[in-house]
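Count the sequence shown with my numbering and you get residues 8 to 547, in order.
Ideal placement from N, C-alpha and C gives every residue a C-beta, glycine not left out.
Bear in mind the structure is a predicted one, so any value in this text is a computation, not a measurement.
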Amino acid sequence: MGLAGIAKFLTRRAMELILIVLIILFLPKIPPEAKFSESYKVPPVKPFEGGLKLNEKLNDVEIWHKGDMLGPEAFVDYKGELYTTLHGGDVVKLTGNHITPVVKFGKPCKGYHEERICGRPLGMAFDKHGALYVADSYYGLFKVDVSTGKKERLVAIDEQIGGRNVTLPNSVAVTSNGDLFWTDSSTEFILQDGVFDMLADGSGRLIHYDPKTKKNTVLIADLHFANGVALSDDEGFVLVAETARSRIHRYYLKGPKKGTHDIFVDGLPGMTDNLKSDGKGGFIVPLVVAVDADHPGLTQILGPFPLIRKFLARVMGLVEFGFKFVNDIYPNEFSDRGVHLVGHFTTVSFLSPKRVSILHLSKNGEILDSIHGTNKKIAGISEAHVFRDTLYLGSPYNDYIGRISLAKIGWEHLKQAPATTPKPATTTTPTPPTTTTPKTTTTTTPKPTTTTTPKPTTTTTTTPKPTTTTTTTPKATTTTTTTTPKPATTTTPKPTTTTTPQPTTTTAPKPTTTAPKPATTTTAKPAQAQPVKDQPKAVP
Numbered sequence: 008m009g010l011a012g013i014a015k016f017l018t019r020r021a022m023e024l025i026l027i028v029l030i031i032l033f034l035p036k037i038p039p040e041a042k043f044s045e046s047y048k049v050p051p052v053k054p055f056e057g058g059l060k061l062n063e064k065l066n067d068v069e070i071w072h073k074g075d076m077l078g079p080e081a082f083v084d085y086k087g088e089l090y091t092t093l094h095g096g097d098v099v100k101l102t103g104n105h106i107t108p109v110v111k112f113g114k115p116c117k118g119y120h121e122e123r124i125c126g127r128p129l130g131m132a133f134d135k136h137g138a139l140y141v142a143d144s145y146y147g148l149f150k151v152d153v154s155t156g157k158k159e160r161l162v163a164i165d166e167q168i169g170g171r172n173v174t175l176p177n178s179v180a181v182t183s184n185g186d187l188f189w190t191d192s193s194t195e196f197i198l199q200d201g202v203f204d205m206l207a208d209g210s211g212r213l214i215h216y217d218p219k220t221k222k223n224t225v226l227i228a229d230l231h232f233a234n235g236v237a238l239s240d241d242e243g244f245v246l247v248a249e250t251a252r253s254r255i256h257r258y259y260l261k262g263p264k265k266g267t268h269d270i271f272v273d274g275l276p277g278m279t280d281n282l283k284s285d286g287k288g289g290f291i292v293p294l295v296v297a298v299d300a301d302h303p304g305l306t307q308i309l310g311p312f313p314l315i316r317k318f319l320a321r322v323m324g325l326v327e328f329g330f331k332f333v334n335d336i337y338p339n340e341f342s343d344r345g346v347h348l349v350g351h352f353t354t355v356s357f358l359s360p361k362r363v364s365i366l367h368l369s370k371n372g373e374i375l376d377s378i379h380g381t382n383k384k385i386a387g388i389s390e391a392h393v394f395r396d397t398l399y400l401g402s403p404y405n406d407y408i409g410r411i412s413l414a415k416i417g418w419e420h421l422k423q424a425p426a427t428t429p430k431p432a433t434t435t436t437p438t439p440p441t442t443t444t445p446k447t448t449t450t451t452t453p454k455p456t457t458t459t460t461p462k463p464t465t466t467t468t469t470t471p472k473p474t475t476t477t478t479t480t481p482k483a484t485t486t487t488t489t490t491t492p493k494p495a496t497t498t499t500p501k502p503t504t505t506t507t508p509q510p511t512t513t514t515a516p517k518p519t520t521t522a523p524k525p526a527t528t529t530t531a532k533p534a535q536a537q538p539v540k541d542q543p544k545a546v547p
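This is how it looks when you write it as structure tokens:
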């Protein structure tokens, strides 16, 4: 074959390749059916100086619960207990080395490759009453009673909001009055096809849920993978992370800009994920995938080229279609795993640089500080959560939880205040006063019952219902004892034993503990068994 033959051969192959590319690009009905029309540019990454100066503070992170779980994505804490969401569909409580399942929204499944069946809870938030709100990417938005595991679905998958179906619930934040702000990361792709969403035009949304009307309202639309949500401490605005564009949006809830939104911060050196208030007016922002000039992200490279993005997405779509076709004809685990992996974020996670970063932002979006890791001891950080004096690090990929002392990274000023510890919360329970009531109630009943002689007026306490009918005695009601509605003050006339300093403690919820002695000290009144039953009615 001469040069002419080689040239002819190469020309034919090139024409065939071009034809294949054109068919893939423009033939209708090739998956995925999504929009690839937007050309965009992600702002350049901010320089690593000032608050962004590189360090190695995360190189010494502790690995906790290694091998006990997969994908601890997000954290919340309530009354001194820490919760996280896992692959497999569970929300669990972490108590020391113990892992306790709390709730699961999905169904039993064979493995993580069936997450569309298992369910995949992502973001969570507690309200001030202790109700837990969870966004499950395959089943919807839920309200959970963590003490019983009872769940209520607030928003269902495929429910139509603003003319589009809910497809990928991701994160949630709750206000002091119970309003919810949550993200639907994509209206085109489910979680296991997240890479497709990164290539397509953005379709994510920030949504407001009103618990009174049960109505959802879209606040910001067409976000390129809407992700974490966080409220400002004064609830004047809500932040939402736009992962593919490495930026954060701010939506105003109060003030002259109410109902509008702007860019809170952009040009970040990585893709934003879950957002957290630091409890001091600022925010903690993890970067799940590092991005910089030497390691540009997929969207940074391909943003201006929608046709290239479309071609890559369709090639992946054809591969996924092949696995689906085989699985439909002959169901098997291999092809099912193939369907799961083709577009899943896990498949491309190995491309991430070894650097991990967490940013500390002010309420105005300024980068106050940052902590970094460079030794790949931990990777893919999706959330950084302050719990007591420790920073807990979650990831959708890791089989462990990372944690590090706040003092070690210079963030000890973010340590939780003592008011958030469990002890103050337990002092509000009604049990302490009940423990003091037995002594006071037993001292008031014995001697008034012994004064059941016919003439002494002290028989006012021997009425069959001391707690409710002390004023029904014929003559004692005219005395000063009638000024008090409860027997706690009627014990003041003459029995010295009734002058104990705590008679008012009879308002405790369990005065029935006084039953034994009234029954033994009264002589001929069987009605003394009734005060034990009636007494609780007077307490409320």
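If the criterion is Cβ atoms closer than 8 angstroms, does the pair Asp280 and Asn223 meet it? no
Unbroken beta strand (DSSP E) run spanning Ile69, endpoints: Per the sequence presented here, residue 69 reads as Glu, with Ile not at that position. Residues 69 to 71.
Taking 7 angstroms as the cut-off, does the CB of His420 come closer than this to any heavy atom belonging to the ligand SAM? As far as ligands go, the structure on display features none, and thus does not contain the ligand SAM.
Quick check: what's the CA-CA separation for Asn371 versus Leu421? 18 angstroms
If you follow the beta strand (DSSP E) that Met131 is in, where does it begin and where does it stop? 128 to 133
Look at the alpha carbon of Lys114 and the alpha carbon of Val363, and state the distance between them as a whole number of angstroms. 34 angstroms
Could you have a look at Pro313 and say whether DSSP puts it in helix, strand or coil? helix
Less than 6 angstroms between C-beta atoms, sequence neighbours within five positions excluded: which residues of the same chain meet that for Lys111? Gly96, Asp97
Count the other CB atoms within 10 Å of the CB of His105; is the residue buried (16 or more) or exposed (fewer)? exposed
In the DSSP output, which residue or residues are listed as bridge partners for Ile374? Leu368
Taking buried to mean at least 16 other C-beta atoms within 10 Å of its own C-beta, is Tyr90 buried or exposed? buried
With DSSP collapsed to three states, give me the class of Tyr399. strand
Collapsed DSSP secondary structure at Met278 in the structure displayed: strand
Sufficient close CB pairs (3 or more, under 8 angstroms) joining the stretch 55 to 63 to the stretch 341 to 357: no
Rounded separation between Asp406 and His120 - CA only: 15 angstroms
Thinking C-beta only, is Ser412 closer than 8 angstroms to Gly401? no
Enumerate in chain order the residues of its own chain whose CB-to-CB distance from Thr107 is below 7 angstroms, with the five nearest sequence positions on each side excluded. Val99, Lys100
Rounded to the nearest angstrom, how far is the Cβ of Leu148 from that of Tyr140, given a contact under 8 angstroms? 7 angstroms
With DSSP as the reference, label Tyr216 as helix, strand or coil. strand
Can you look up Lys283 in the DSSP assignment and give me helix, strand or coil? strand
Give the straight-line distance between the Cα atoms of Ala414 and Thr381, rounded to the nearest whole angstrom. 20 angstroms
Can you check the stretch 47 to 111 for any beta strand (DSSP E) of at least 3 residues that lies completely inside it and give the ranges in chain order? 69 to 71, 82 to 85, 88 to 92, 97 to 102, 105 to 111
What number of angstroms, rounded off, separates the C-alpha of Thr448 from the C-alpha of Trp71? Low confidence applies to Thr448: its pLDDT is 38, below 50, so where it sits in the model is not reliable, and the reading given next is rough at best. So the two alpha carbons sit approximately 51 angstroms from each other.
In the DSSP assignment, find the unbroken beta strand (DSSP E) run with Gly270 in it and report its ends. This sequence places Ile at residue 270; Gly is not what is there. 268 to 272 is the span of the beta strand (DSSP E), which, as asked, contains Ile270.
Residues near Ile31 in its chain [Cβ-Cβ closer than 7 angstroms; skip 5 each side]: Ile37, Phe318, Arg321, Val322
Please state the DSSP three-state secondary structure of Gln167. strand
Please report the Cβ distance between Val162 and Val153, rounded to the nearest whole angstrom; I am assuming they are in contact, meaning their Cβ atoms lie under 8 angstroms. No, Val162 and Val153 are not in contact; Cβ-Cβ is about 20 angstroms, not under 8 angstroms.
Within 10 Å of its beta-carbon, does Gly387 have 16 or more other beta-carbons around it, so buried, or fewer, so exposed? buried
Whole angstroms are fine: how far does the CA of Lys15 sit from the CA of Ile385? 53 angstroms
Near Asp269, which residues of its chain fall below 6 angstroms by C-beta distance, leaving aside the five closest residues on each side in sequence? Arg257
Using the Cα positions of Leu24 and Leu17, report the straight-line distance between them to the nearest angstrom. 10 angstroms
Under 8 angstroms between the Cβ atoms of Ser193 and Glu242? no
Distance, Cα to Cα, Leu368 vs Gln307? 23 angstroms
Hey, could you find the ends of the alpha helix (DSSP H) Lys15 is sitting in? 10 to 33
Cβ neighbours of Leu305 in the same chain (closer than 7 angstroms, five flanking residues each side left out): Met205
Does the distance from the C-beta atom of Phe352 to that of Val202 stay below 8 angstroms? yes
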